[in-house]
Structures are given as C-alpha cells and as structure tokens.
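Sequences listed follow chains A and B, in order. Heads up, the first sequence is in the working numbering, so the first residue is 161 and it goes up one at a time. Heads up, the second sequence is in the working numbering, so the first residue is 2 and it goes up one at a time. Each residue gets a CB set at the ideal place from its N, CA and C atoms; glycine is no exception. Working notes, structure below.
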Amino acid sequence: MTTPLVGAPVWFVVCERVLTGPARGLHCLCGLTGDTIGPRKPDSAGGKLNLHYGSPQIAIGVTFAALALLLALVFAVIAAQAGSDVGAQRVHDVGYWLRKRWLALLLVIGVLVVGVSLFDLPFANGSDAGRTVVTVTGGQFFWSLSPNRVPAGSHVRFDVTSVDVNHGFGLYDPHGHLIGSVQAMPGYHNRLDLNLTEAGVYRIRCLELCGLNHSTMESTFAVTRH
Amino acid sequence: MESTVTGIGGALHPRAIAFTGTAREIERRLGLLFAGTGIALVAGMGVLGLIMRLTQATVIGLSPAWFYRVLTLHGVGMITGVLLAMMGALWYVLHATVPLSAGRMRVTYALTMIGVFAVLIATLIGGFGAGWAFLPPLPFHPAGQWSVWSESLFFVGNLLVGAGFCVFCIDVLEQTTNTYGGLFRTLGWHYLRGRDAEAPPPQAIAATVVAIDGLISCAVGSTILLGLLGRTYDHAVGIDALVAKNLVYFFGHSIANLTIYLAAAVIYVLVPRYAGRPYETTKVFVAGWTGSLVFIATAYSHHLYMDFVQPTWAAVISEVASYGALIPVAVITIYSMTMLIWGSSFHWTLASTLLYVGFAGWAIGGVGAVIDSIIPINFRLHNTTWVVAHFHTYLILCVVVWAVAFLAHVLERDAGRTSSRALRAWTVGLILVGGYGLTGTWFVEGALGVPRRYAIQPSGTSGYSVVGASFALLLALGFLILFLQFIPLARAAWERRHHVLVDHFDSWTGTHYQARALRADDGPALETAAPSRRGVPLASGAQLGFGLAACIVALASFFPQVIDASEVSNRYHHLDHAGQFFLGAMLGVLLGSLPAVSRRLGDHSSLGLLAVLVAPMLMMVVMVPRIYEPLERDPFEHALYHLAMAGFGLLTGLGATRLGLVTGRIMFALSVGMPLMFAAAMK
C-alpha cells in the first residue's frame, strides 16, 4: 500500500485549494518547463494548466513556511521590545511562567507527532505473498529493473540493491512527484512496498551521490492500464 | 589622562561592566586567529557554493567532474571553517574561568590547517569527488576521476581535522573537570540534585558536553577513516556498507551539529554583555544540557532512515532524539536568551544585531530539520534539496552569522564603538533577504522533489537555481559590507590597544593639550596555563582490583585456541586484536593508576594526550591483512605482532592515566571501542 502521510488528507485539501498560490507563482516566475519534476506543463489537449500540487510535500512545505513566518514574527516582536526597559524580576516571573507552558506544549506536540508517525513507518514488512516483486539493481550509472512494468493497482515490492556503491532509488509518479525512496546498498537488500494505482510512466532517479554521472542516473518504470 | 585600553565605551551595555572581565592578550590573539581563519575559509567555500549554484542554473559550465570536486571541498571546508571559528570563540570566552592550554590550541590549529591543505590538494589537484560524506565504498569506485593517492590524502586530511578537534576537546574536558571537580560537578549534576548551591557557569557546562560528544565523534571518525585508509593499501579488505555508513554519519553529522553547540556556549557569555543582565546556570539548564549530551550522540541515524535494513529501533531512537534535541534548544537556549533580551534596553551594535539574527536562523532551520527527521516525511524528502535548505539555514544564518558576530564583538570591544546604524541595517537586511531567499529556494525545490547533489539539475528546475544564485549574490554583498565595516573597527581597536592619550602642558603658550603616545605595556602578560592533572582512572583499591580482573579475563585473547579460531574471518581476527589491545590498555591504566608508578610517571599530561591520540591510530594502521598475513607464516613474528597490539594498548592506557580521572577513563573507553568498530566495519 502506498504510504500515506499522517494528516495529509486534511492538510492537503487546505493547502491545495488555498495555500499553494505562492508556490504556483514562484514556479511560473522561474519560467519552468516542469516536464519532469513537480507540476506539469500546460495540458496540450485542454490548454489548461494542470498544476497538480497533489503531493504531501507541498502540505509539508506550506506548514513549514507558516511556522517560519510565525517565528520571524515572534523574533520581530522581541526585537521591537528589546529596547524598552522592563524590570528583570518582572521578566523573570512572566518568562518562567510562560516557559513551563512552552515546554509542555512542545512535549505534547512531540508525543503526538512522533507517536503518530510510528504508525506510518514506510519500512516493508511481511512476506512477498500477494505482491509483485520487482528486483532493482543499481550500478554506476544505471538502474536495472525486473520486471520493468506492472499493471495498475499492483501491490509492488521493490527489492533494491547495488552492485558497486550506495545509490538512492527515488520513484517519481507520472506527475513528477517523489512518492518514495529507499537506498540501494551493496551487500544489502532494502525492500520498499508501494501500491501503484495510477497508470503511466514512472521515473527513477538516483538520490545518493554515487559518482560522476549521479545526476543523470535515471530510468523508467511502466504501470500499464491492464 | 589615559584612555583605557580595556574600556568598553559604546560597545557593550553599561550594566555589563559589572560582570564583564578584561580580555587577555592570549585570548584575543587565539580567538582572532581561529575566527579569522575560519571565516576566511567559510568565505572561500561560499564562493565555491555560488559557483555550484550558477552551474546548476546553467549560467556557467562547470563540468560534473569539477562540480563534484568543488562539492566535496565545499562540504569539508565549510564545516572545518565554522568549527575553527567557533573553537576560537569558545576558547576566548572559556579561558577566563578555565585554564585552557594555549600550546594545545596551537597544535589544534596546525593539525586542522594541514588537514584543510590536504583536502584542498586531494580535491582540486587529485580530483577526489566522493562528497564530504565519502560514503564507502564510493571512494574506491572513482569512475576514472581520482587516484589512490588523492583518496588517501583526503582521508588523511579529514583525520587531521578530526585530530585537531580531538586535541581541543581533550583539553577542554581535562581542564573543565579539573577546575570544577570531576564530571558530575562539571555537568552540574550535583546542583541538579540540590546538594550544592554552586554550579559551574553555563559556558563550562556546554563546553564539557561538546567535548564529550566531540571525543566520541572523533573516535568513530578516526576508526572509519583509518579503515578506509587501510583499504586503499589492501584491496582485499571488504567494507560493510551499512556499518561504514553508520560510522561516517555518526562522525560527520555530529561534528557539523557540534559547531552550533559550540556557538551556543559562546552566546551564553556574549549576549548578556549587550542585555546588561548576567546569565546564570539553573536546574533546567543543567537538565537540558544533559539531554543534549544524549541527543547529539543519538540523532545521527536519521541519515539512515531510507536504509530499511537498519534496525527499526535505531530509526525510532533517532526520531525521538532528533525531536528531543529541539527541546533544550527551544526551551533553554533560545527562549532564555530572548528572556534576557526582552525589555533590557538592549544595546544594539553590529555584534549584538548579528547575535540576535542567529537565534532566528537556528529556530527556523531547526524546524526544517525536525520536520525532515519525522520518518514518514523523510520518506518523501530524503536527499532532496530540503535537506540542503535546512542545514544551510542554521549554518549560514546562525553559525556563520555568530562566527562573524564574535569577530565583531572583539573588534568593537577593543575599538570602544560600533559601526554606523545605516551600514548595520544594510548588512543585516542583505544577509536576511539573501540568506532566506537562498535557502527558501531550496525548500521549495525540496518540496517539489528535486534531488540534492546534482551537477546537472533535472530539466525544468534550473530556474530555481537562477533565483537561488541571485539571492546568494545578495547574501555575499551583505557579508562584503560587513567585512568592510571591520576595517575601520580594526584600525580603531589597534589604535586604542597600542596608544594612550597623555596630558601635556605647553609652558610657552600656557595651554593644556593631549597627545598620542605608545602604551608602555602591551596588556596583560601571555598566559599559558600548565595543564594540571586530577586523579587517575582507577582511584581506589576496588577499582584497581577490577582492572586486574579485567586483565586476567582479556588474557584469553592470547590463547592459541582463540587465535586459531579467530583466523576464520577478518572480522573475528580483528576482534581478537581488539581483545589484545584491550588487555594492553587495561594493563596500562592499571599500572599508571598505581600510586607509586603514577608518581614516577609524573604530570606529563601532553605526553599522555599524544599517546591516547597516536597509539590507537597506529594499532589500526597495522590492522590490515596485507601487513599481518605475511607475519603469520612465522610463529615468532606472528606472536610479536599480537604483542604489538597489546603494546599499543599499553601505551594508550598509560597515556590515559596522565589525563586525569574523567578524561583518562573516557579516552580509555573510546580507544578500546575503536578496534571493535573497526572489526564491525571492515571485513
């Protein structure tokens, strides 16, 4: 099953509908062709922008941006107050009172985030039964996949290894979104389970520095419509 | 009338005079040497970073071969630069209360600079381009880009940088624990338990934590680097990629992470000087730094989340530790510093403004890091430019900014003034816009799934590199304006430190006037505190008895049956060597701890340091099958080889006893751990 991201559906609707404007703007501003990474080019058939910011990463990015802006605001307020003259005892009393609550808040967030994330670990487990096992071998500078196509809706287990150095198996869906990664390590087999429901050409990129042609070490994987 | 050289004039908060001591000449000299060199190195590496960004933007056409050379140099050089700067800054603030050794600091400098020079040659001339992480076995698969000598030189360079940091950490740990009465008291644990009202100052506790984690990192790093060095000599040596990756990231992640904790120790001293409020150790502070001691050493494994063969418990511990590391930073360091600043009539100077800016960089970069350390999120962001974004945020916008803030502090303090308000505003404005623009672009790219370390960006994404490079130019301009302000400040500082104004009376005209004259004295005399030793690792009869028992057990590593059985594989054989080394080291500690022997050995702390540093390394250098296998044909030579293993251990053990109870025990434990890790990583 494709690893869902905790809370993604809720964040996602909000982010996609409301908050991805700046990201869209920046993306267009940069004059990107967007043919392989991130949002796609204008749909040639309908002539509409197919800005499918459908990845949880955008929700993560927007959440981070919101937190960063909040922090920037807090630091700006503190800087503005720094010039005033408040008694040290007053700062001490209020500051320590607030600090206990701040600690409690961080602990609660930590327990929730870390705790919930443990129910969503991407590590493959269980037997191969019911899964299509795709053997993936990385080498300087190629990917070898067997088989290299599966029908849509397949429960795929990628069995990933390397013949020489460490590589990173990064799988991008037909929209160009990174949907998961696992390391290809010599002498070891890392197993990645994904549920590939959408037909199309998936792209594989190397996500670990592996030498001279690291940035061009690519391959494709087809998910067919039955 | 004489203008005082140590007067703080308009540089510090008026209330700070009460608790700000005079900076001694040696502190100023070493602080400036380290910070100046470190910042120069960072500036050079920053230019390389800009070149790489412009390459990704296809503005300039650096070939992939050169891109990866530059990338490798940039990574090692940047971390070394900030490490140097922050070691100097910490020495400057810590020397006032802890008698650190200037001689050892110079050794640290020499080792680090030789190491940097070696890495420079290995990358730019030798073509080594396996990245700062040099993930084994990549160095041995050069794809025609580098040769054996350049990879060896790169390992040696890193080893020397690590050795330099190790000398610094040993000195800090030895002197803080001597000064404050053992590890328990230096870390403030006695204060935590409420038995004593006195606690060490914050910077001493922080420095001790950094020193302990730094020594562990250096031991781990030396082990993998020496193993890889052995592999360059003997191609039959196998590498366990998973164990090697653990060791590499433990070393690399921890050292990079420690630069910010070094900086934290410094700001505990500097920020109060602008807030006019002293910063004192509290129980929460002690508890927080105890947490950091653990979290710094256990967080590294988040680099291995996507190695699913890594035990799940290791990933979970790392996730907890990565989040846990946030708590002391957010609740103690950043929060309490903002409390210190709030309503303090804060004295805004160039240095204090940069110090303040650094807090935001740490907080914002830290949030980006914590998000990435959550396993399901890392699954989508691993090795994308998100990683580049978060560590550049807290390195550029916190550690580097604090390094230049330290330099500004020393210059402004000596000059007795700050620079103009308009220039300060331009500096900070450009650094903020350029810095956050640069890292913000990486954050956006990371969210879109753009991989990191690409010489050629995926099609359709080079526009981000253009935007990023433009912001980088603004950032560079900000730093340029900052450095230009240093010139008049340095002149004024030099003037105030070397000249005085003397009152004169002109009898012809009957007027009084002041004239400049050379200062008679050049500040306080140089102080090179002789390291003093406190205690020995085995301090009681029971402990000596335990040491003796351990030696008897370890004798088993010399049993012929054990040696024969260990020939089954390199790993078992190396484990046997580890046992022999342990026997020697334990024996050395036992002998050196005996009162009569200890007295005869004398107080040769620096010799002890040399022994604990060099002997374990030599032991691992000769632990290469190509060296020991020919010796195995002759029983006498074979026996001598194994005795040599114990001999290296003996030297290490004896050396450890010269470093006192705390440092001696820690160095003994780490040196014994090194061959064990070696056996796990090399097969």
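Classification of residue i by the beta-carbon crowding that lies within 10 angstroms, buried from 16 upward
| i | result |
| --- | --- |
| residue 260(A) | exposed |
| residue 300(A) | buried |
| residue 436(B) | buried |
| residue 383(A) | buried |
| residue 256(A) | exposed |
| residue 216(A) | buried |
| residue 247(B) | buried |
| residue 514(B) | exposed |
| residue 625(B) | buried |
| residue 617(B) | buried |
| residue 507(B) | exposed |
| residue 249(A) | exposed |
| residue 562(B) | exposed |
| residue 15(B) | exposed |
| residue 314(B) | exposed |
| residue 129(B) | buried |
| residue 512(B) | exposed |
| residue 328(B) | buried |
| residue 495(B) | exposed |
| residue 485(B) | exposed |
| residue 227(B) | buried |
| residue 167(B) | buried |
| residue 126(B) | exposed |
Where the beta strand (DSSP E) containing residue i begins and where it ends
| i | result |
| --- | --- |
| residue 546(B) | No beta strand (DSSP E) contains residue 546(B), which is instead part of the alpha helix (DSSP H) from 542-555. |
| residue 97(B) | Neither: residue 97(B) is in no beta strand (DSSP E) and is coded neither H nor E. |
| residue 363(A) | 360-366 |
| residue 381(A) | 378-384 |
Where the alpha helix (DSSP H) containing residue i begins and where it ends
| i | result |
| --- | --- |
| residue 482(B) | 463-499 |
| residue 321(A) | Unbroken run through residue 321(A) is the beta strand (DSSP E), 314-322; no alpha helix (DSSP H). |
| residue 565(B) | 561-567 |
| residue 353(A) | Premise fails: residue 353(A) lies in the beta strand (DSSP E), 350-356, not in any alpha helix (DSSP H). |
| residue 212(B) | 203-234 |
| residue 19(B) | Neither: residue 19(B) is in no alpha helix (DSSP H) and is coded neither H nor E. |
| residue 335(A) | Premise fails: residue 335(A) is in no alpha helix (DSSP H) and is neither H nor E. |
C-beta contact flag for residue i and residue j at 9 Å
| i | j | result |
| --- | --- | --- |
| residue 390(B) | residue 446(B) | yes |
| residue 377(A) | residue 308(B) | no |
| residue 81(B) | residue 117(B) | yes |
| residue 13(B) | residue 350(B) | yes |
| residue 589(B) | residue 657(B) | yes |
| residue 378(B) | residue 220(A) | yes |
| residue 47(B) | residue 79(B) | yes |
| residue 465(B) | residue 428(B) | no |
| residue 328(A) | residue 267(A) | no |
Any C-beta of chain E under 9 Å from that of residue i
| i | result |
| --- | --- |
| residue 201(B) | Absence of chain E from the displayed structure is noted, the protein chains being A and B. |
Within chain A, the residues that residue i reaches when beta carbons sit closer than 9 Å
| i | result |
| --- | --- |
| residue 159(B) | Here the premise fails: no neighbours, minimum Cβ distance about 16 Å. |
| residue 69(B) | 369, 371, 372 and 374 |
| residue 165(B) | By Cβ distance, chain A contributes nothing, its closest Cβ being about 26 Å from residue 165(B), past 9 Å. |
Beta-carbon neighbours of residue i, restricted to chain A and to distances below 8 Å
| i | result |
| --- | --- |
| residue 146(B) | 371 and 372 |
| residue 324(B) | 270, 273 and 274 |
Where residue i meets chain B, residues with beta-carbon distance less than 9 Å
| i | result |
| --- | --- |
| residue 345(A) | 242, 243, 246, 308 and 310 |
| residue 262(A) | 331, 332 and 336 |
| residue 288(A) | The contacting residues do not exist; residue 288(A) stays about 15 Å from chain B at best. |
| residue 379(A) | Simply none; closest approach about 14 Å. |
Partners in chain A for residue i, counting only beta-carbon separations shorter than 7 Å
| i | result |
| --- | --- |
| residue 364(B) | 231 |
| residue 340(B) | 251 and 255 |
| residue 709(B) | Lying outside 2 to 684, the shown extent of chain B, residue 709(B) is not represented and no answer is given. |
| residue 383(B) | 341 and 367 |
| residue 457(B) | 375 and 376 |
Under 7 Å from the C-beta of residue i: neighbouring residues of chain B
| i | result |
| --- | --- |
| residue 135(A) | Not covered by the structure: residue 135(A). The range shown for chain A is 161 to 386. |
| residue 239(A) | 357 |
| residue 245(A) | 344 and 346 |
Practice problem: Starting from the N-terminal side, write out each stretch of the alpha helix (DSSP H) that is 4 residues or longer and does not extend beyond the segment 248-325 of chain B. | Solution: Secondary structure remark: continuous alpha helix (DSSP H) runs of at least 4 residues inside the segment 248-325 of chain B, in chain order: 284-299.
Quiz item: For the segment 355-426 of chain B, which segments carrying the beta strand (DSSP E) assignment without a break, of at least 3 residues, lie completely within its bounds, in sequence order?
Solution: If we require 3 residues or more, the segment 355-426 of chain B turns out to have no beta strand (DSSP E) run fully inside it.
Quiz item: Which ranges does the alpha helix (DSSP H) cover as unbroken runs of at least 4 residues, wholly within the segment 239-314 of chain A, from first to last along the chain?
Solution: 248-277, all fully within the segment 239-314 of chain A.
Self-check item: Every unbroken alpha helix (DSSP H) within the segment 160-190 of chain B, with a cutoff of 4 residues, ordered by chain
Solution: You should have 184-187.
Practice problem: Go through the segment 36-108 of chain B residue by residue and report every complete run of the alpha helix (DSSP H) that reaches 4 residues or more, in order. | Solution: Counting only runs of at least 4 residues, the segment 36-108 of chain B fully encloses the following alpha helix (DSSP H) elements, listed from N- to C-terminal order: 65-95.
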